[in-house]
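In this text, residue positions in the sequence shown follow the UniProt record's numbering: the first is 1, and each later residue adds one. The beta-carbon is built from N, C-alpha and C at its ideal position, and this holds for glycine as well. Everything on this sheet refers to the single structure shown next.
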Amino acid sequence: MMMKRICDLPPKLVGAKILSKVPITSLGQVRSTCKLWDRLTRDWIVGKEAAAKARQHQFLGFVTVDFKDDKSKLLAWNPYLGQTRSISPRTGDDFHALDTYLFGYDMNRNHKMLRFYGLLFEMYEFSSNSWRVLDVTLPDSWEIKYGGHLIVSFKGNAYFLAGKITTDDVEKDVILCFDFTTETFGLPLVVPFLSLREEAVTLSSVRDQKLALLHQKGQGIIEALEIWITSEEGPFFNAAHAVTWSKFMNVDMRPLIGDRYVRFGEEFASFFIIEEEKVAVVFDIEGYEFCFELIRTDHYHTAFIIGDDDEGYYKTVSLGVAPNLWKPRPGHTGGYYPRGYVPQWYCPPFVCSSSYLPSLVQLNNQPRKRKEIDE
1 MMMKRICDLP
11 PKLVGAKILS
21 KVPITSLGQV
31 RSTCKLWDRL
41 TRDWIVGKEA
51 AAKARQHQFL
61 GFVTVDFKDD
71 KSKLLAWNPY
81 LGQTRSISPR
91 TGDDFHALDT
101 YLFGYDMNRN
111 HKMLRFYGLL
121 FEMYEFSSNS
131 WRVLDVTLPD
141 SWEIKYGGHL
151 IVSFKGNAYF
161 LAGKITTDDV
171 EKDVILCFDF
181 TTETFGLPLV
191 VPFLSLREEA
201 VTLSSVRDQK
211 LALLHQKGQG
221 IIEALEIWIT
231 SEEGPFFNAA
241 HAVTWSKFMN
251 VDMRPLIGDR
261 YVRFGEEFAS
271 FFIIEEEKVA
281 VVFDIEGYEF
291 CFELIRTDHY
301 HTAFIIGDDD
311 EGYYKTVSLG
321 VAPNLWKPRP
331 GHTGGYYPRG
341 YVPQWYCPPF
351 VCSSSYLPSL
361 VQLNNQPRKR
371 KEIDE
């Protein structure tokens, strides 16, 4: 009697009992088992249609920099394939803690990464491993809002929040779109509300199709939570008509949180929605603002689950202690903060954007020699 091979197991058994439980970072090893398993991962993990799109259309991955040790290396990561690429800056330059990075692709499916801080914009092309300086400016002198969760990439373009203070601490927000084919900014998309200076506004998306906005009302503790989604599907670059929005959720938070301190920060908070259940899940650091404390206080990465039924729904789930990123330099005796106080600067939760769908773009085919073009 011949011994049964692992590839001889029934496809339904493999998919339902094995592949559906495989961590995303291990899929590369699973797909290399045999051709059948390679095909089944497409069916049972991301689905046939999603996998077909992933070959060309979906979000590439994430970038990270270790500023404590080396500012000259940027790490691009495709979690679906488990691949990384180490990227160096242009000659004579370093990466910076406040840099913002946007992924996208042009009409020929060439994947790119836009880097900017202040008024300097640079473009990195994955195919040629090269940087270029772009001669672009923001439309109408809008100020970009910096924060890792204020950016959405889908359908090849990148969207991010910008704003300007008007009067009486009222902030006018817009969404700017960057087109990776023309390498230009599109017309600003007007958001459906005005916010006060200390109120959080965060951007997300719905199934790689629509944009979503979270608006936390209340300059101190959160008073109400609004979420809006676009009425039509993107892309929205230079739309011929004004983008319309519909209110997905409007929850009075005061009776739900009582006397607890709950406030989302637009620099850290990210969210996704479950349309069918009228539920939003917000990821942030529980009870934290940048502050100085006499003792080290632990804060926690937290998922805030909020529902918009008749009475409202609120629940929190702790995701673990948030690491404090503050590392005083050797010999630092106090400087600008009071002696004896410990600065608190915590790492935000690392959560996949709701716009993320697995990508099959290869990162380990880095050219041997890095090219550089300064324009």
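Inset, instruction - Take the Cβ of I274 as the centre, count every other Cβ of all protein chains shown within 10 Å, and call the residue buried at 16 or more, exposed below. - result: exposed
Inset, instruction - Could you have a look at R254 and say whether DSSP puts it in helix, strand or coil? - result: helix
Legend entry - DSSP-derived helix/strand/coil call for S88: coil
Legend entry - Residue-chain proximity (G104, chain D), Cβ-Cβ < 8 Å: No chain D appears in this structure, which consists of one protein chain only.
Inset, instruction - Going by CA-CA distance only, name the one from F236, T302, A76 and T91 that's closest to N157. - result: F236
Inset, instruction - Kindly confirm or deny that the stretch 127-141 and the stretch 208-215 touch, where touching means at least three C-beta pairs closer than 8 Å. - result: no
Inset, instruction - Decide if S72 is buried, meaning its Cβ has at least 16 other Cβ atoms within 10 Å, or exposed. - result: exposed
Inset, instruction - Let me know the secondary structure DSSP gives D179 once reduced to three states. - result: strand
Inset, instruction - Drop a sphere of 10 angstroms on the beta-carbon of L114, count the other beta-carbons inside from all chains shown, and report buried for 16 or more, exposed for fewer. - result: buried
Inset, instruction - Name, in chain order, the residues that DSSP records as bridge partners for S205. - result: L211
Inset, instruction - Tell me whether the beta-carbon of K112 lies closer than 8 Å to the beta-carbon of Y101. - result: no
Inset, instruction - Just tell me which of I305, N324, G82 and S204 has its CA closest to the CA of D298. - result: N324
Legend entry - Where G234 falls, given that 16 or more other Cβ within 10 Å makes a residue buried: buried
Legend entry - Secondary structure of S141, DSSP reduced to three states: helix
Legend entry - Beta-carbon spacing of T202, F272 below 8 Å: no
Legend entry - CB of residue 448 within 8 Å of CB of L194, strictly: Only positions 1 to 375 of the chain appear in this structure, which leaves residue 448 out of reach.
Inset, instruction - For Q362, I'd like the list of residues in its chain whose CB is within less than 6 Å of its CB, leaving aside the five on either flank, ordered along the chain. - result: none
Legend entry - K48 versus R263: straight-line alpha-carbon distance, rounded: In this prediction, K48 scores a pLDDT of 44, lower than 50, which makes its location untrustworthy; no coordinate-derived value is stated.
Legend entry - Nearest-angstrom Cβ-Cβ length linking L161 and K145, presumed shorter than 8 Å: 4 Å
Legend entry - Under 8 Å between C-beta atoms of R90 and A76: no
Inset, instruction - Report the three-state DSSP secondary structure of E226 (helix, strand or coil). - result: strand
Inset, instruction - Count the other C-beta atoms from every protein chain shown that fall within 10 angstroms of the C-beta of V317, then say buried if there are 16 or more, exposed otherwise. - result: exposed
Legend entry - When E198, R207 and D168 are compared against K155, the one with the closest alpha-carbon: R207
Inset, instruction - Between the Cα of R197 and those of V190, K164, E226 and T302, spot the shortest distance and give me the residue it belongs to. - result: K164
Legend entry - Three-state class that DSSP yields for E276 in the structure shown: helix
Inset, instruction - Using a threshold of 8 Å, state whether the C-beta atoms of A269 and I306 are closer than that. - result: no
Inset, instruction - Report the partner residues of T316 according to the DSSP bridge assignment. - result: F304
Inset, instruction - Starting from I151, trace the beta strand (DSSP E) both ways and give me its first and last residue. - result: I151 to F154
Legend entry - Own chain, CB closer than 7 Å to V251, minus 5 neighbours either side, in chain order: A224, L225, I306, D308 and G312
Legend entry - Opening and closing residue of the beta strand (DSSP E) in which G104 lies: T100 to Y105
Legend entry - Nearest-angstrom Cα separation, counted from G92 out to T244: 45 Å
Inset, instruction - In angstroms with no decimal places, state the Cα-to-Cα distance between D310 and F248. - result: 14 Å
Inset, instruction - Could you check which residue in E183, I227 and D106 has the C-alpha nearest to that of F121? - result: E183
Inset, instruction - Name the one or two DSSP bridge partners that R115 has. - result: Y101 and E122
Legend entry - Neighbourhood of W142 by C-beta, 8 Å cutoff - its chain only, sequence neighbours within 5 removed: A162, G163, K164, V174, L176 and P188
Inset, instruction - Determine the direct distance from the alpha carbon of F95 to that of W228, and round the result to whole angstroms. - result: 34 Å
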